[in-house]
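Peer 1:
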Ligand code: UDX
Ligand code: UDX
Ligand code: ADP
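Numbering (the numbering used here), first residue to last: 432 to 900.
1. Would you tell me roughly how many angstroms separate the C-alpha atoms of residue 417 and residue 810, rounded to the nearest one?
2. Ligand 3 and residue 759: does the residue's C-beta get closer than 6 Å to at least one heavy atom of that ligand?
3. Considering just the uninterrupted stretch of the alpha helix (DSSP H) at residue 917, what are its terminal residues?
4. According to DSSP, which residues form a beta bridge with residue 825?
5. Quick check on residue 514: does DSSP put it in helix, strand or coil?
6. If you reduce the DSSP assignment to three classes, tell me which class residue 574 lands in.
7. If we call anything under 7 Å between Cβ atoms a contact, is residue 670 one with residue 892?
8. Give me the Cα-Cα distance between residue 845 and residue 721, rounded to the nearest whole angstrom.
9. Just to confirm my understanding: we take residue 786, look at its own chain, exclude 5 residues before and 5 after, and list those with CB closer than 7 Å. What are they?
10. Between residue 624 and the rest of its own chain, which residues show a CB-CB distance below 6 Å, the 5 nearest in sequence each way excluded?
11. Closer than 6 Å to a non-hydrogen atom of ligand 1 - does that hold for the CB of residue 586?
12. Taking the CB atoms as reference points, tell me whether residue 860 and residue 887 lie closer together than 7 Å.
13. Along the chain, where does the beta strand (DSSP E) containing residue 494 start, and where does it finish?
14. Go through its chain and collect everything with a Cβ distance to residue 830's Cβ below 8 Å, but skip five positions before and after it.
15. Helix, strand or coil, according to DSSP, for residue 634 in the structure here?
16. Quick check: what's the CA-CA separation for residue 645 versus residue 452?
17. Taking the alpha-carbon positions, what's the residue 697 to residue 592 distance?
18. From the DSSP output, in three-state form, read off residue 601 for me.
19. Look up residue 457 in the DSSP assignment and say whether it is helix, strand or coil.
20. Jot down the residue ranges of each uninterrupted alpha helix (DSSP H) in the region 664-718, minimum 4 residues, whole runs only, in chain order.
21. What ranges does the alpha helix (DSSP H) occupy inside the region 709-778, keeping only unbroken runs of at least 4 residues that lie completely in it?
22. Following a CB-centred definition, is residue 800 positioned closer than 6 Å to any heavy atom of ligand 3?
23. Distance, Cα to Cα, residue 438 vs residue 508?
24. With DSSP collapsed to three states, give me the class of residue 839.
25. When the Cα of residue 762 is compared with those of 586, 485 and 504, which residue comes out closest?
26. Does ligand 3 have a heavy atom nearer than 6 Å to the CB of residue 513?
27. Spatial neighbours of residue 875 within its chain, please: C-beta separation below 7 Å, excluding the five flanking residues on both sides.
28. For my contact list, residue 526 and residue 512 are in at a C-beta cut-off of 8 Å; report their separation, rounded to the angstrom.
29. Measure the Cβ-Cβ separation of residue 581 and residue 602 and say whether it is below 7 Å.
30. Excluding the 5 residues preceding and the 5 following residue 866 in the sequence, name in chain order all residues of the same chain whose CB lies nearer than 6 Å to its CB.
31. With H, G and I counted as helix, E and B as strand and the rest as coil, what does DSSP make of residue 807?
32. Quick one, which of 804, 630, 796 and 531 has its alpha-carbon nearest residue 828's?
33. Give the single residue among 744, 578, 710 and 647 whose Cα lies nearest to the Cα of residue 566.
34. What residue from 749, 764, 639 and 673 has the CA that sits closest to residue 695's CA?
35. What's the gap between the Cα of residue 872 and the Cα of residue 561?
36. If you count every other CB in all the chains shown that lies within 10 Å of the CB of residue 531, and 16 or more means buried, which is it?
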């Protein structure tokens with residue numbers, strides 16, 4: 432019987448191993464983490480992450496804090512630990528901090544007595560496999576290690592669907608007989624449920640670069656469409672109509688062209704910064720500059736949103752209640768890593784607004800932590816972060832959209848939760864200060880209907896409210 436051990440019980444490790452456990456009954460699957468709180472949560476009814484369908488996967492892997500025991504026993508070790516952006520030293524603000532990866536690799540070398548296949552799951556800079564290989568082989572005590580890169584392409588909110596039915600599974604390995612044998616071992620695991628033609632193999636460096644490129648391309652599409660939103664607002668074009676017609680070209684495709692207040696999530700910005708840093712290290716400043724623009728447009732989109740709120744509310748939000756609907760970085764997840772809501776709220780707070788936040792999945796503690804945190808501090812394990820962060824006084828968190836909007840001068844919709852489409856906007860309008868503003872950062876509301884109620888509506892990339900023209 433093959434034993435798989437996954438180090439890191441996070442958004443990737445947890446769901447991925449749950450699906451492997453379900454689909455491969457002959458494989459023993461264990462997920463380990465140094466965070467006792469996280470493992471306890473996985474073993475309770477209150478899972479540490481919200482992911483639709485995860486509860487129903489059924490077959491559960493074992494979750495344990497006994498990292499060394501399970502690594503010792505495993506044949507295949509997936510490493511899915513944090514790779515934050517460095518906050519100090521060489522490459523600060525760009526390069527990936529591989530501290531957690533290196534410590535995991537050294538621990539593997541310390542405890543292993545049998546041959547292992549070590550699989551990179553978390554996104555890492557290109558050539559990380561080489562560094563890990565060196566750490567392992569120089570401390571090997573006769574154990575043979577094969578390193579594979581098997582990047583994860585699941586998106587949060589649809590993780591279970593993506594794992595059940597992936598567009599592709601990519602496995603990169605060394606082009607030696609031992610490397611290729613290891614590739615086949617991992618391929619056999621996925622082949623239990625993924626059609627063979629969707630399991631692709633490549634060399635290690637191609638697999639590592641593919642992950643960064645895939646995320647950079649996806650983020651690029653969003654920045655491309657977002658870059659046109661201001662132009663649409665200025666000219667009277669409608670970004671939804673433009674994106675729809677452009678997306679009908681089969682070479683372009685309609686997916687991932689939704690204009691928004693900006694992209695968030697743990698991967699896009701981090702992976703692009705990684706790509707930028709690698710380009711700079713390889714003497715390619717023009718290429719680095721090209722990718723930096725994707726992030727600049729995204730940052731600009733968030734500050735443009737804040738400017739629009741302040742400017743339209745008579746150039747001041749000081750002391751005004753602004754309701755924020757949605758705080759997670761996208762719908763169907765409670766994840767707030769790099770969510771545009773953080774930058775938007777910080778921008779409004781800088782202009783002395785008083786903010787009332789409602790998100791169906793994000794806790795008050797998490798919101799306060801996020802708003803008190805510095806850039807790039809978010810991707811360190813939760814147990815290393817302060818347990819009771821300072822609370823931001825002008826921020827209140829409610830568990831109801833009606834409560835959040837009561838008495839507010841304006842509403843900002845920052846996540847496209849389905850429930851925001853079905854709210855009773857007449858009731859909301861009646862309980863707000865007038866004029867009642869609504870800034871739709873995700874284009875979820877029916878603009879015409881809300882204008883008919885009396886709202887002054889600003890949507891991303893849509894013609895301006897007639898009230899303003
Ligand atoms: C992403 C990749 O999609 C996934 O393949 C990879 O494994 C991890 O990174 P994720 O970050 O979970 O997944 O979510 P995704 O659906 O890609 O959305 C990222 C951000 O882009 C969200 O903030 C989302 O709201 C935003 N977005 C997405 C848009 O603004 N417009 C779109 O059209 C699509
Ligand atoms: C383009 C558009 O495709 C078309 O829809 C529009 O109406 C006019 O402009 P065209 O310029 O005729 O058409 O050719 P196209 O096939 O788009 O190629 C343009 C250039 O891009 C060529 O030099 C081509 O070699 C290059 N190209 C195209 C690449 O370098 N790589 C690719 O993957 C595709
Ligand atoms: P992802 O979104 O990639 O899954 P997360 O941040 O959600 O990332 O999860 C990474 C997990 O890895 C965290 O729960 C963290 O505690 C764990 N971790 C980090 N370093 C180690 C280590 N050396 N051994 C075991 N677990 C680790």
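Ideal Cβ positions, reconstructed from N, Cα and C, are used throughout, including at glycine.
Since we're looking at a predicted model, the values are computed, not measured.
Peer 2: So, from the data block:
1. For residue 417 there is no data in the structure shown, the boundaries of the chain being 432 and 900.
2. Sequence index remark: in the chain shown, residue 759 carries index 328 (1-based). If you check the C-beta of residue 759 against ligand 3, you find no heavy atom less than 6 Å away.
3. Only positions 432 to 900 of the chain appear in this structure, which leaves residue 917 out of reach.
4. Residue 825 sits at position 394 when you count from the first residue of the chain shown. Paired residues: none, contrary to the question.
5. The residue given as residue 514 occupies position 83 in the chain shown. Coil, per DSSP.
6. Counted from its first residue, the chain shown places residue 574 at position 143. Note: residue 574 maps to coil in three-state DSSP.
7. Mapped onto the chain shown, residue 670 falls at position 239. Mapped onto the chain shown, residue 892 falls at position 461. A contact, by the Cβ cut-off of 7 Å.
8. The residue you call residue 845 lines up with position 414 of the chain shown. The residue you call residue 721 lines up with position 290 of the chain shown. One C-alpha to the other measures close to 27 Å.
9. Locating residue 786 in the chain shown gives position 355, counting from the first residue. Closer than 7 Å at Cβ, skipping near neighbours: 753, 755, 776, 779, 780, 825 and 826.
10. On the chain shown, position 193 is the one that residue 624 refers to. Leaving aside the five residues that flank residue 624 on each side, the residues in its chain whose CB is nearer than 6 Å to its CB run, in chain order, 454.
11. As a position in the chain shown, residue 586 is number 155, starting the count at 1. Yes, Cβ of residue 586 sits closer than 6 Å to a heavy atom of ligand 1.
12. The residue labelled residue 860 in the question sits at position 429 within the chain shown. The residue labelled residue 887 in the question sits at position 456 within the chain shown. No; because the gap between Cβ atoms is not below 7 Å, this pair is not in contact.
13. Translated into positions along the chain shown, residue 494 becomes position 63. 493-495 is the span of the beta strand (DSSP E), which, as asked, contains residue 494.
14. Sequence index remark: in the chain shown, residue 830 carries index 399 (1-based). Correct list, in chain order: 789.
15. Position 203 of the chain shown, counted from the first residue, corresponds to residue 634. Three-state DSSP puts residue 634 in a strand.
16. Start at 1 with the first residue of the chain shown, and residue 645 comes out as number 214. Start at 1 with the first residue of the chain shown, and residue 452 comes out as number 21. Across the structure, residue 645 and residue 452 are spaced so that their CA atoms are roughly 27 Å apart.
17. Within the chain shown, the letter at position 266 stands for residue 697. Within the chain shown, the letter at position 161 stands for residue 592. Those two C-alpha atoms are separated by around 19 Å.
18. Within the chain shown, numbered from 1, the residue matching residue 601 stands at position 170. Strand, per DSSP.
19. Counted from its first residue, the chain shown places residue 457 at position 26. Residue 457 falls in the coil class under three-state DSSP.
20. Under the rule that a run must span 4 or more residues, the alpha helix (DSSP H) segments found entirely inside the region 664-718 read 670-678 and 699-712.
21. As summarised for the region 709-778, the continuous alpha helix (DSSP H) elements at least 4 residues long and confined to that stretch are 716-743, given in chain order.
22. In the chain shown, the residue the question calls residue 800 occupies position 369. A distance criterion of 6 Å places the beta-carbon of residue 800 beyond contact range of ligand 3, judged by its closest non-hydrogen atom.
23. In the chain shown, residue 438 corresponds to position 7, counting from 1. In the chain shown, residue 508 corresponds to position 77, counting from 1. Approximately 7 Å, taken between the alpha carbons.
24. If you number the chain shown from 1, residue 839 lands on position 408. Residue state, collapsed to three classes: coil.
25. The residue given as residue 762 occupies position 331 in the chain shown. Minimum Cα-Cα distance from residue 762 among the listed residues 586, 485 and 504 corresponds to 586.
26. One-based indexing of the chain shown puts residue 513 at position 82. Yes, Cβ of residue 513 sits closer than 6 Å to a heavy atom of ligand 3.
27. Position 444 of the chain shown, counted from the start, is the residue given in the question as residue 875. Excluding sequence positions up to five before and after residue 875, its CB lies within less than 7 Å of the CB of 844, 847, 851 and 852, all in the same chain and listed in chain order.
28. For this step, residue 526 is matched to residue 95 along the chain shown. For this step, residue 512 is matched to residue 81 along the chain shown. Residue 526 to residue 512, Cβ: 16 Å. No contact.
29. Residue numbering aside, residue 581 sits at position 150 when the chain shown is read from its first letter. Residue numbering aside, residue 602 sits at position 171 when the chain shown is read from its first letter. A Cβ-Cβ contact shorter than 7 Å links residue 581 with residue 602.
30. As a first step, residue 866 must be located in the chain shown, where it is residue number 435. Here the set comprises 887.
31. Here residue 807 refers to the residue found at position 376 when the chain shown is read from its first residue. In the structure shown, residue 807 adopts coil according to DSSP, grouped into three states.
32. By 1-based counting over the chain shown, the position of residue 828 is 397. Comparing alpha carbon positions, the residue from 804, 630, 796 and 531 closest to residue 828 is 796.
33. The count along the chain shown starts at 1 and reaches residue 566 at position 135. Comparing Cα positions, the closest option is 578.
34. Against the chain shown, residue 695 aligns to sequence position 264. With respect to the C-alpha of residue 695, the residue from 749, 764, 639 and 673 having the closest C-alpha is 764.
35. Residue mapping note: residue 872 aligns to position 441 of the chain shown, counting from 1. Residue mapping note: residue 561 aligns to position 130 of the chain shown, counting from 1. Their backbone Cα atoms lie some 42 Å apart in a straight line.
36. Translated into positions along the chain shown, residue 531 becomes position 100. A buried status is given to residue 531, since no fewer than 16 other beta-carbon atoms sit within 10 Å of its beta-carbon.
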